[in-house]
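Colleague: When you line the sequence shown up against this note's numbering, it's residues -10 to 812, in that order.
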Amino acid sequence: MLQDRSGSVAHAVAIATVALAMGAPTAFAQTGAAGGQAPLVAQASRTATFDIPAQPLSQALMAFGRQSGMQIAVDSGSVAGKISAPVTGSMTADQALRQLLSGSGLTYQFTSANAVTVAGAPVPAPGSVPGSSALILDPVRVQAVPTTPSQGEIGNQSPPYAGGQVARGGKVGLLGNRDYMDTPFSETTYTNQYIQNQQARTLTDVLAGDPTLRSGIPNGNVFDDRVMIRGITVLNPNFGLGGLYGIVPNQADMTGIERVEVFRGPTAFLNGALPSAVGGTINLVPKRATDTPITQGTLLYNSDSQLGGSLDVGRRFGPDNELGLRAGGTYYSGDTAVNNQNAERLALTLGFDYRSDRTRIDADLGYLKRDVGAFQGGIFLAPGVQLPPAPYASQSSYQPWERLQGNDVYGALRFEHDIVEGLTGFIKAGARRSNYTSVYFNQNIVNYNGNTTISSAGQYMSTVEALSLEAGLRAKFHTGPIKHEAALVGDYLKTQNYTFNNPIATRLNSNLYNPTFISQPSFFGFRTQGPPLTSDSVYGSIGIVDALSFNDDMFQIIGGARLQRLQTANYSTVTGLPTNGNNQSVVSPSASFVFKPAKEVMVYGNYIQALQQGPVAGAGLTNAGMQFPPFVTNQFEVGVKVDFGYVGATVSAFQITLPSSYTDLATNTLVTNGQQRNQGIEFIAFGEPAPGLKLLGGLTLLNAIQTNTQGGLTNGKQAVGTTPFQASLGLDWDTPYVKGLGVMGRAVYNGQVYLNAANTQAAPPWTRFDAGLRYTFDRTDGKPVTLRANVINVFDANYWIATTSFFVQNQPRTFLLSLTADF
């Protein structure tokens, strides 16, 4: 976005303008007026998706800067009082700028691969002498890309890639915000455009088409979010909000979220000590007010009869638009596409930010309330039984009175200040409190005919309180020809879990295909006050990194280490006294490299670690109650990334070695001598290979095997919950035949998954197809209106989703409709 600038930025642009007029060497590639023809620089010829309504020209140029990812220098007097032409659709930056300025009489010039100058008179040619004919710009508005973009995080988002579905980069923990061609790891950032067009209500919806991960729960009406990344389960405490981890609600709602950043692989070095960031992490980027006021309302419908709406409002204040507020709200309720199930959801968010030349502050506050009737939990399979075919996905075998109720309150505050040129300090703080209660019947399948019994039943109560802190320094400097981007960061995460289970003593013989429903049991005598403290954990770390670049960034070497301390304590629910705990310090080193043999190609490699809290020996074992030290996981990865401007891709090969535990039957003791090795190849492609045709897809080949097990009995067997092959392909087409009409489709495939270590029980492969339509038109006042219609599971396929030894039914065919209007 654009903002008023003075001081160092304005001075720098003015000097650059004078230098251009005096013939300083530069990357001039195009000068033209609206409608002219000229050769294009690489950035000017890259395709992007634009949506800029007619408005004051100064604001339209701000929108162009945001959507193209380019820096804009503007003669303020020349744009005063002018109205822009509307620009909508997929086109090059050059085409968009010509259309935007049509009829204005203004000229423009691409002064580098990422910068353009707009003026009211012809821009002086290189080599001209400043004088009365020379134009010295008054650069009062410049795109808000910090003067040291590798240091600043707040307000420094990477621009969208061609097609607009993903961004060019994202936050890489300790390394800050980086372009994907400068990141020696595999990462994908999903944009707001993608989130809106998918009608994504929850994080599960956003990640449904990612070819490298799978959601463990299909439809969002569950207790929490869990995904499999590189064959390893990643849970909610490893999700971040604006880079702060542990404070995201039990299930992430997309209200107030601008982007979703998916990082693949262990992250202890990058993101600090987390409960189990072994497979990867996910970071949610909150929305911020833009220079152009936002007032957007949406009416929502989900099948079977869920109705609701959302509101998104953003405003900036002050003479330089330095203060911003962004508020969002979503509410819907009614019956879902699953029989007997109903769900109610309320999400409220408020975002604040302040920006100046040297100081940036932002904050978020959120509230999420959920109430799900006929709540669906997991299903288990008795030993020796083959898994029967999945029943109709719309048919629920759960009791209508099973229920999930809860709420989350969370917030974060971030402060960032440029201490001196090249040195930035920052402080972040966040917190969350979650309260949930569920009434559940866990089913156990006892034969191939689908007969079930109750494995466990009860009322589960949970409260989680989390405090997350981070502070550090980022520096950018040179030693001779070598550029350094260094950081020193400390973080702290304290989490307290309060849980209690009120068991229900009942028996029920039922069937998946013909379920038996019983009356709600009595809860008389159950605990009514809050649950007791059951565990307390403190994760703290200090990390240091230095990224060295030389030969015009052709070579980059990144190295560093993080000292981590994990403190855990568990408590008795009866006495409240500590039962066991652990206090362990670990140093996690990391090294990676980037090599760019050509501007379109990047080769990378990394070694990185992650920590996982050690297990506790269960009751009945010789060492019952013993808390084991944290597990250290190691990853080696190499990959190649390409960027052709209109299409990008990443191919990576990795190996992750995970310690594990098992019971030594000879001594009846829990030991931690087990090991699992996950080797895989990932391919991810994205972009806009043809005008208006957007691509997002890829595949994962995974060889996840058990390498050291009890007595070697399952050595070489496929790890539980993993699949050797998964893939997805999504296409989104802005049709040229009807203006504003878009068509989208997606196919998702998941291979066979074993449910036990011996590989004798398995969930079969499955394939799902999704589709969607959207139509955007302008009202008479020039404001856009968008109709969207999406179908999840078009052919109403029925299958089991398994990411561990228990599994769930898939989401039935679900229709989503929305009407979005700007005001």
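For every residue, glycine included, the Cβ atom is placed at its ideal position computed from N, Cα and C.
Sort out for me which residues DSSP pairs K472 with in a bridge.
Modeller: By 1-based counting over the sequence shown, the position of residue 472 is 483. Paired residues: H467 and S538.
Colleague: Any beta-carbon of chain B closer than 7 Å to the one on N779?
Modeller: You won't find chain B in this structure, because it holds only one protein chain.
Colleague: Check each candidate in Y738, D723 and D342 and name the one with the smallest Cα separation from A716.
Modeller: In the sequence shown, residue 716 corresponds to position 727, counting from 1. Considering only alpha carbons, the answer is Y738.
Colleague: Taking 8 Å as the cut-off, does the stretch 191 to 210 touch the stretch 591 to 599 (at least 3 CB pairs, one atom from each stretch)?
Modeller: With the cut-off at 8 Å, the stretch 591 to 599 and the stretch 191 to 210 do not touch.
Colleague: Roughly how many angstroms lie between the CA atoms of Q330 and D199, to the nearest whole one?
Modeller: To locate residue 330, count along the sequence shown from 1; it is residue 341. To locate residue 199, count along the sequence shown from 1; it is residue 210. Cα to Cα, the separation comes out at about 27 Å.
Colleague: On a CA-only basis, which of Q154, T96 and D83 is nearest L684? Give me that one, please.
Modeller: Within the sequence shown, the letter at position 695 stands for residue 684. Ranking Q154, T96 and D83 by Cα distance to L684 puts Q154 first.
Colleague: Give the list of continuous beta strand (DSSP E) stretches no shorter than 3 residues that lie fully inside the stretch 178 to 204.
Modeller: Here the runs fully enclosed are 202 to 204.
Colleague: So S526 packs on Q545, CB below 8 Å; how close in whole Å?
Modeller: Numbered from 1 along the sequence shown, position 537 holds the residue referred to as residue 526. Numbered from 1 along the sequence shown, position 556 holds the residue referred to as residue 545. Incorrect: roughly 35 Å between the Cβ atoms, too far for contact.
Colleague: Should V827 go down as buried or exposed, given a rule of 16 or more other Cβ atoms within 10 Å for buried?
Modeller: Not covered by the structure: residue 827. The range shown for the chain is -10 to 812.
Colleague: In this structure, how does DSSP classify R55 when only helix, strand and coil are distinguished?
Modeller: On the sequence shown, residue 55 is found 66 positions in, with the first residue counted as 1. Looking at R55 - three-state DSSP - the assignment turns out to be helix.
Colleague: Just tell me which of S641, L744 and P255 has its CA closest to the CA of W789.
Modeller: Counting from 1 along the sequence shown, the entry for residue 789 is found at position 800. Answer by Cα proximity: L744.
Colleague: If we count Cβ pairs, one from each stretch, closer than 8 Å, do we get three or more for the stretch 548 to 555 versus the stretch 511 to 531?
Modeller: Result yes; three or more Cβ-Cβ pairs closer than 8 Å.
Colleague: How far does the beta strand (DSSP E) with L86 in it reach, from first residue to last?
Modeller: The residue you call residue 86 lines up with position 97 of the sequence shown. Looking at the DSSP string, L86 is not in any beta strand (DSSP E); the run it does join, the alpha helix (DSSP H), is A82 to L90.
Colleague: For Y97, does the count of other Cβ atoms within 10 angstroms reach 16, so buried, or fall short, so exposed?
Modeller: Within the sequence shown, residue 97 is the residue found at index 108, counting from 1. By the neighbour-count rule (16 or more Cβ atoms within 10 Å), Y97 is buried.
Colleague: Can you tell me which of the three DSSP states L600 falls into?
Modeller: Translated into the one-based positions of the sequence shown, residue 600 becomes position 611. Residue state, collapsed to three classes: strand.
Colleague: Give the straight-line distance between the Cα atoms of A464 and L90, rounded to the nearest whole angstrom.
Modeller: If you number the sequence shown from 1, residue 464 lands on position 475. If you number the sequence shown from 1, residue 90 lands on position 101. Straight-line Cα distance between these residues: approximately 39 Å.
Colleague: Which of the three DSSP states, helix, strand or coil, is assigned to S457?
Modeller: Residue mapping note: residue 457 aligns to position 468 of the sequence shown, counting from 1. DSSP places S457 in strand when its eight states are reduced to three.
Colleague: Would you grab the beta carbon distance between P149 and G58 for me? Rounded to a whole angstrom, and I think it's under 8 Å.
Modeller: Indexing the sequence shown from 1 puts residue 149 at position 160. Indexing the sequence shown from 1 puts residue 58 at position 69. Confirmed, Cβ separation roughly 7 Å.
Colleague: Would you check if the stretch 280 to 293 and the stretch 249 to 268 touch, i.e. whether three or more CB-CB distances between them fall below 8 Å?
Modeller: The stretch 249 to 268 is not in contact with the stretch 280 to 293.
Colleague: So G549 and S579 are supposed to be a Cβ contact under 8 Å. How far apart are they, rounded?
Modeller: For the purposes of this step, residue 549 is taken as residue 560 along the sequence shown, with counting starting at 1. For the purposes of this step, residue 579 is taken as residue 590 along the sequence shown, with counting starting at 1. That pair is a contact at about 6 Å.
Colleague: Which two residues bound the contiguous alpha helix (DSSP H) that contains L376?
Modeller: By one-based count along the sequence shown, residue 376 stands at place 387. Counting along the chain, L376 falls outside any alpha helix (DSSP H), and DSSP gives it neither H nor E.
Colleague: Which value, in whole angstroms, describes the spacing of the CA atoms of G395 and D360?
Modeller: Here residue 395 refers to the residue found at position 406 of the sequence shown. Here residue 360 refers to the residue found at position 371 of the sequence shown. If I take the Cα positions, the gap works out to 7 Å.
Colleague: Count the CB pairs spanning the stretch 350 to 370 and the stretch 775 to 787 that are closer than 8 Å, and state whether there are at least three.
Modeller: Not touching, per the Cβ criterion.
Colleague: Within its chain, find whatever has a CB closer than 7 Å to the CB of V575; leave out the 5 residues flanking it on each side and keep chain order.
Modeller: Reading the sequence shown from its first residue, position 586 is the one you call residue 575. The answer, listed in chain order, is Q553, L600, P619 and V621.
Colleague: Is Q518 buried or exposed, if buried means 16 or more other CB atoms sit within 10 Å of its CB?
Modeller: Here residue 518 refers to the residue found at position 529 when the sequence shown is read from its first residue. Flag for Q518 reads exposed.
Colleague: Relative to the C-alpha of R777, which residue among Q185, T319 and N571 is closest?
Modeller: For the purposes of this step, residue 777 is identified with residue 788 of the sequence shown, where counting begins at 1. Comparing Cα-Cα distances from R777 to each of Q185, T319 and N571, the minimum goes to Q185.
Colleague: Can you list, in chain order, the residues of its chain with a C-beta nearer than 6 Å to that of T793? Leave out the 5 residues immediately preceding and following it.
Modeller: Here residue 793 is taken as the residue at index 804 of the sequence shown, counted from 1. If we look at T793 and ignore the five residues flanking it on each side, its Cβ neighbours are G710.
Colleague: Grouping DSSP H, G and I as helix and E and B as strand, with all else coil, what is S499?
Modeller: Within the sequence shown, numbered from 1, the residue matching residue 499 stands at position 510. Here S499 sits in strand by DSSP.
Colleague: What is the rounded straight-line gap between the Cα of I416 and the Cα of S345?
Modeller: Residue 416 sits at position 427 when you count from the first residue of the sequence shown. Residue 345 sits at position 356 when you count from the first residue of the sequence shown. Roughly 17 Å separates the two Cα atoms.
Colleague: Could you tell me the distance, in whole angstroms, from the CA atom of G269 to the CA atom of F714?
Modeller: Here residue 269 corresponds to residue number 280 of the sequence shown, with the count starting at 1. Here residue 714 corresponds to residue number 725 of the sequence shown, with the count starting at 1. The alpha-carbon atoms of G269 and F714 are separated by roughly 19 Å.
Colleague: Considering only C-alpha positions, which residue in the set F812, A810 and L805 is nearest to A326?
Modeller: In the sequence shown, residue 326 corresponds to position 337, counting from 1. If we check each option's Cα against that of A326, L805 comes out closest.
Colleague: Runs of 3 residues minimum, wholly inside the stretch 576 to 629: which ones carry the beta strand (DSSP E) assignment?
Modeller: 590 to 601, all fully within the stretch 576 to 629.
Colleague: Determine the DSSP secondary structure at M450, reduced to helix, strand or coil.
Modeller: Here residue 450 refers to the residue found at position 461 of the sequence shown. Residue state, collapsed to three classes: strand.
Colleague: The beta strand (DSSP E) spanning L259 covers which residue range?
Modeller: The residue you call residue 259 lines up with position 270 of the sequence shown. Segment A257 to N260 is the alpha helix (DSSP H) holding L259; no beta strand (DSSP E) there.
Colleague: Roughly how many angstroms lie between the CA atoms of L497 and I443, to the nearest whole one?
Modeller: Reading the sequence shown from its first residue, position 508 is the one you call residue 497. Reading the sequence shown from its first residue, position 454 is the one you call residue 443. Whole-angstrom Cα-Cα distance: 6 Å.
Colleague: Going by C-alpha distance, which of N490, Q187 and D541 is nearest S445?
Modeller: Within the sequence shown, residue 445 is the residue found at index 456, counting from 1. Looking at the Cα atoms, N490 is the closest of the given residues.
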